[in-house]
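Those letters in the sequence shown? Residues 26 to 273, by our numbering. Virtual Cβ for every residue (Gly too), placed ideally from N, Cα, C.
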Amino acid sequence: MSEGPRLKIGIFGGIGRATLARPDLQNALDQRTVIELRHALEEFNADNDVRAVLIAAEGEHFCAGAEVSDLTAMLDATEGGESEDAMTLGRLFLGIRQMSKPVVAAVQGRALAGGAGLATACDVVLARDDAVFGYPEVRLGSVPAIVMTMLRRSVGEKHAFDLVASGRMVTAAEAERIGLVSRVLSTAAFTGEVERIVLGLASHSSLGMAYTKRLFYALDGMGFRDSIDEGVKTNAEVRATSESHGLS
């Protein structure tokens, strides 16, 4: 097992930055990393100086999924242990969606299994042009169970089933085409463009961003009329605040 910090945490320029820091293991996720990342995000969400969050990774790969030792431990776990392990990752994904601040994933190299899920859980996914995404669990006799809900919402039923049933990997260009990533950035410009985009998000009204994110995800599963009603309610709430200029 890799020694040293699993995450590097910092706040610069109004951006809370969490960087996966085990490049020798392709930044594989273990229980400790998932828990530490969730706690870091909770602290960012509570910090008024943080206006946007960036999840990035050291090395050539974003995240290759769960660490092998954790997978082995899950196979050997007593009844109920597997559910608790899975829920740890589920709580991280739920926490990202419930945050009031935008969360951006900057992805290079491989983003596989839980690593692809971590990226997909973020509000914005910025992919370097060499990035590849995949859900290979079926090839290992497993199921991408925790990430499937987000994947279906991101790319739709047909693309999602193709990905999870084939276990194939897709390039950054295809991932953008099917809606798995927000933007593809060139390798040469990647670092600078990620910074520019995240700083742009951080420059917006914190209140406006919080309401935007809350409404965006509240619309999941709502019918058309209920969605309109929720939008009207949110519009009225925002207009009633001192920050609103009454433009929306």
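Under the three-state reduction of DSSP, which class applies to Thr212: helix, strand or coil? In this structure, Thr212 counts as coil in the three-state DSSP scheme.
Under 8 Å by Cβ, that's how I've got Leu232 and Ala77 pegged, so tell me the actual separation to the nearest angstrom. 14 Å between Cβ atoms; not a contact.
Helix, strand or coil at Arg42 [DSSP, three-state]: Of the three classes helix, strand and coil, the one that applies to Arg42 here is strand, per DSSP.
Within the 8 Å Cβ cut-off, does Lys126 reach chain B? Structure shown: chain B not included; a single protein chain is present.
Tell me, to the nearest whole angstrom, how far the beta carbon of Arg205 is from that of Leu151; I am working on the premise that it is less than 8 Å. First, the amino acid is wrong: residue 205 is Leu here, not Arg. Their Cβ separation, rounded to whole angstroms, is 12 Å, which puts Leu205 and Leu151 out of contact at 8 Å.
Taking Phe249 as part of the beta strand (DSSP E), name the residues at either end of that continuous run. It is not in any beta strand (DSSP E) - Phe249 instead sits in the alpha helix (DSSP H) that spans Phe249 to Arg264.
For Arg239, collect the residues of the same chain with a Cβ closer than 8 Å to its Cβ; drop the 5 residues on either side in sequence, then sort them by chain order. Result list for Arg239: Ser125 and Thr259, in chain order.
So the alpha helix (DSSP H) Gly166 belongs to, where does it begin and stop? Taken as a continuous stretch (DSSP letters only), Gly166 belongs to no alpha helix (DSSP H), as it is neither H nor E.
Tell me the DSSP secondary structure of Leu32 in three-state form. The answer is strand: DSSP assigns Leu32 an E or B state.
8 Å contact criterion, which Arg42 and Leu79 should meet: CB distance rounded: About 5 Å separates the Cβ atoms of Arg42 and Leu79, confirming a contact at the 8 Å cut-off.
Under the three-state DSSP convention, the category Ala89 falls into: Coil at Ala89, not helix or strand.
Nearest neighbour of Arg135, chosen from Phe249, Ala65, Arg193 and Asp251 [CA to CA]: Of Phe249, Ala65, Arg193 and Asp251, the smallest CA-CA separation from Arg135 is found for Arg193.
N- and C-terminal bounds of the alpha helix (DSSP H) containing Leu143: From DSSP, the alpha helix (DSSP H) with Leu143 extends over Gly139 to Ala146.
Rounded to the nearest angstrom, how far is the Cβ of Ile36 from that of Val75, given a contact under 8 Å? Contact between Ile36 and Val75 is confirmed by a C-beta separation of about 6 Å, below the 8 Å threshold.
Closest residue to Val195 among Leu66, Met112 and Ala138 (Cα-Cα distance): When only C-alpha atoms are compared, the closest one is Ala138.
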